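Residue numbers (full-length UniProt numbering): 1 to 265.
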């Protein structure tokens, strides 16, 4: 059990729509982690840092063009307020122009004690704020969303899963796709036999070493089929290559060898 008051990760999110983040605190793994104090979430609305009656946070872009740009002053003051409570946190702006995030990046993010996440809106954020107050820019993919709230929630969900005590089983995160540079293996649950098929016999045989070999073989094979680029970057040991060769041979002979136990190396 985590010691009371010991927070592993603090998130401060600067957003015009703080109510969107209720889903993180109300549901699932993230909700339990926040309730138990494994992670901490603080929301900052830039409108609370404006000085005009209309609480203006955006204005027209210099040089013309469509849309509006978020102003420096409210965002700068919101970041300063967050930094006052979390002086060790770095600032990350969620942006399509940012560094593409993958599982290794999530591990790096999880290694720090806290982050201030800036969720932009409209046509984006005044570049002067990015140049002077943002440490990193992150992207969750080569596409454009209406704002940075969903990317911020994606990052938080992925990172919280990695924190000690966040998941019910210590091995759950380790077995996720991409944790070892591979996609995840197939999973099955009861009943053993249904109209849609049967559970591979190796999984119910009780031989834990055989099960581990089967799972690795399937993970290697699934990665070869769906994301060969991951294999090229990762590299394989001799034992892993032998398991992959078995999978490829079975696949080319008419099936992925799902029901077969891999041979012992």
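We put the CB at the ideal spot given by N, CA and C, even for glycine. If you're wondering where the values come from, they're calculated on a predicted model, not measured in any experiment.
(request) Use the C-beta contact count for residue 133: other C-beta atoms within 10 angstroms, 16 or more gives buried, fewer gives exposed. (result) Translated into the one-based positions of the chain shown, residue 133 becomes position 133. So residue 133 ends up on the buried side.
(message) Less than 8 angstroms between the C-beta atoms of residue 192 and residue 211, yes or no?
(response) As a position in the chain shown, residue 192 is number 192, starting the count at 1. As a position in the chain shown, residue 211 is number 211, starting the count at 1. Contact flag unset, no.
(message) Rounded to the nearest angstrom, what separates residue 50 and residue 222 at their Cα positions?
(response) Stepping through the chain shown from its first residue, residue 50 is reached at position 50. Stepping through the chain shown from its first residue, residue 222 is reached at position 222. Residue 50 and residue 222: Cα-Cα distance of roughly 52 angstroms.
(request) Given a cut-off of 8 angstroms, decide if residue 166 and residue 13 are closer than it, judged by their beta-carbon atoms. (result) On the chain shown, position 13 is the one that residue 13 refers to. On the chain shown, position 166 is the one that residue 166 refers to. No, the pair does not count as a contact, with Cβ atoms beyond the cut-off.
(request) Determine the contact status of residue 92 and residue 44, defining contact as a CB-CB distance below 8 angstroms. (result) The residue labelled residue 92 in the question sits at position 92 within the chain shown. The residue labelled residue 44 in the question sits at position 44 within the chain shown. Their beta carbons are not under 8 angstroms apart, which means residue 92 does not touch residue 44 by this criterion.
(message) What does the alpha-carbon distance come out to for the pair residue 287 and residue 9?
(response) Because the chain is modelled from 1 through 265, residue 287 falls outside the range shown and cannot be assessed.
(request) Name the residue from 250, 106, 123 whose alpha carbon lies nearest to the alpha carbon of residue 70. (result) Your numbering for residue 70 matches position 70 in the chain shown. Looking at the Cα atoms, 123 is the closest of the given residues.
(message) Using only CA atoms, which one of 7, 137, 16 lies nearest to residue 146?
(response) Reading the chain shown from its first residue, position 146 is the one you call residue 146. Out of 7, 137, 16, 16 has the C-alpha closest to the C-alpha of residue 146.
(message) By the three-class DSSP mapping on this structure, what secondary structure does residue 253 have?
(response) Position 253 of the chain shown holds residue 253. Note: residue 253 maps to coil in three-state DSSP.
(message) What does the Cβ neighbour count give for residue 110, buried or exposed, with the cut at 16 atoms within 10 Å?
(response) Position 110 of the chain shown holds residue 110. Residue 110 counts as buried, since at least 16 other C-beta atoms from the protein chains shown sit within 10 angstroms of its C-beta.
(message) Is the beta carbon of residue 138 closer than 8 angstroms to that of residue 99?
(response) On the chain shown, residue 99 is found 99 positions in, with the first residue counted as 1. On the chain shown, residue 138 is found 138 positions in, with the first residue counted as 1. Going by C-beta atoms, residue 99 is nearer than 8 angstroms to residue 138.
(message) What ranges does the beta strand (DSSP E) occupy inside the stretch 116 to 150, keeping only unbroken runs of at least 3 residues that lie completely in it?
(response) 136 to 139
(request) Could you tell me which residues DSSP pairs with residue 12 in its beta bridges? (result) Locating residue 12 in the chain shown gives position 12, where the first residue counts as 1. Paired residue(s): 42, 116.
(message) Could you compute how far the alpha carbon of residue 226 sits from the alpha carbon of residue 104?
(response) Mapped onto the chain shown, residue 226 falls at position 226. Mapped onto the chain shown, residue 104 falls at position 104. Near 19 angstroms, if we compare the C-alpha coordinates of residue 104 and residue 226.
(message) Tell me which residue opens and which closes the beta strand (DSSP E) that residue 100 is part of.
(response) Locating residue 100 in the chain shown gives position 100, where the first residue counts as 1. Counting along the chain, the beta strand (DSSP E) containing residue 100 begins and ends at 90 to 100.
(message) Tell me the DSSP secondary structure of residue 264 in three-state form.
(response) On the chain shown, residue 264 is found 264 positions in, with the first residue counted as 1. Reliability of the predicted coordinates at residue 264 is poor, the pLDDT of 42 falling under 50, and no value is obtained from them.
(request) Let me know the secondary structure DSSP gives residue 215 once reduced to three states. (result) Counting from one through the chain shown, the residue named residue 215 turns up at place 215. Looking at residue 215 - three-state DSSP - the assignment turns out to be helix.
(message) Whole angstroms are fine: how far does the CA of residue 78 sit from the CA of residue 60?
(response) Here residue 60 is taken as the residue at index 60 of the chain shown, counted from 1. Here residue 78 is taken as the residue at index 78 of the chain shown, counted from 1. Distance between the alpha carbons of residue 60 and residue 78 is about 21 angstroms.
(message) Could you compute how far the alpha carbon of residue 62 sits from the alpha carbon of residue 114?
(response) Counting from one through the chain shown, the residue named residue 62 turns up at place 62. Counting from one through the chain shown, the residue named residue 114 turns up at place 114. The straight-line gap from Cα to Cα measures roughly 34 angstroms.
(request) Determine the direct distance from the alpha carbon of residue 207 to that of residue 136, and round the result to whole angstroms. (result) On the chain shown, position 136 is the one that residue 136 refers to. On the chain shown, position 207 is the one that residue 207 refers to. The alpha-carbon atoms of residue 136 and residue 207 are separated by roughly 47 angstroms.
(message) What does the alpha-carbon distance come out to for the pair residue 95 and residue 250?
(response) In the chain shown, the residue the question calls residue 95 occupies position 95. In the chain shown, the residue the question calls residue 250 occupies position 250. When rounded, the distance between both Cα atoms is 43 angstroms.
(message) Please report the distance separating the alpha-carbon of residue 52 from that of residue 27.
(response) As a position in the chain shown, residue 52 is number 52, starting the count at 1. As a position in the chain shown, residue 27 is number 27, starting the count at 1. Going by the C-alpha atoms only, they are around 37 angstroms apart.
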